[in-house]
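Counting with my numbering, you get residues 1 to 76 for the letters of the sequence shown. All residues carry an ideal CB built from backbone N, CA and C; glycine is no exception.
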Amino acid sequence: MKGTEKIKIPPRQKQIDDKNRRFYVMAPSSVKLALEKEAFNRGTDLWTLGGQVLCQWIAAGFPDQIVSRDPETAEE
1 MKGTEKIKIP PRQKQIDDKN RRFYVMAPSS VKLALEKEAF NRGTDLWTLG
51 GQVLCQWIAA GFPDQIVSRD PETAEE
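Set out below in structure tokens:
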């Protein structure tokens, strides 16, 4: 194209700085409130606890189902 410079895809880096990044997710208000309460009870914040939950879900191989430890909240 006339007047544009060639744009190259940057090469893969051998060492990547894996910084914490904040991003948004969608969930019902009740889920957000429950996560905020749990974060407070654990002495952390919603973002940090939510990120750790996602990290553990990924480390577990993205399971389709998570089994509740509380029989009263477990699905029938």
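How long is the line joining the alpha carbons of residue i and residue j, rounded to whole angstroms?
i: Leu-35; j: Glu-5; result: 48 Å
i: Lys-50; j: Pro-10; result: Per the sequence presented here, residue 50 reads as Gly, with Lys not at that position. Gly-50 and Pro-10: Cα-Cα distance of roughly 31 Å.
i: Ser-29; j: Lys-8; result: 43 Å
i: Leu-54; j: Phe-62; result: 9 Å
i: Asn-41; j: Gln-52; result: 15 Å
Below 8 Å on the Cβ atoms is my contact criterion, and I expect residue i with residue j to pass it. Report the Cβ-Cβ distance as a whole number of Å.
i: Trp-47; j: Arg-22; result: 6 Å
Alpha helix (DSSP H) containing residue i: first to last residue?
i: Lys-40; result: Residue 40 is actually Phe in this sequence, not Lys. Here the alpha helix (DSSP H) through Phe-40 covers 29 to 41.
Ordered along the chain, which non-local residues of its own chain (more than five positions away) have a Cβ less than 7 Å from that of residue i?
i: Asp-18; result: none
i: Asp-45; result: Ala-39
Counting only the same chain and skipping the five closest in sequence on each side, list residues whose C-beta sits under 8 Å from that of residue i.
i: Arg-12; result: none
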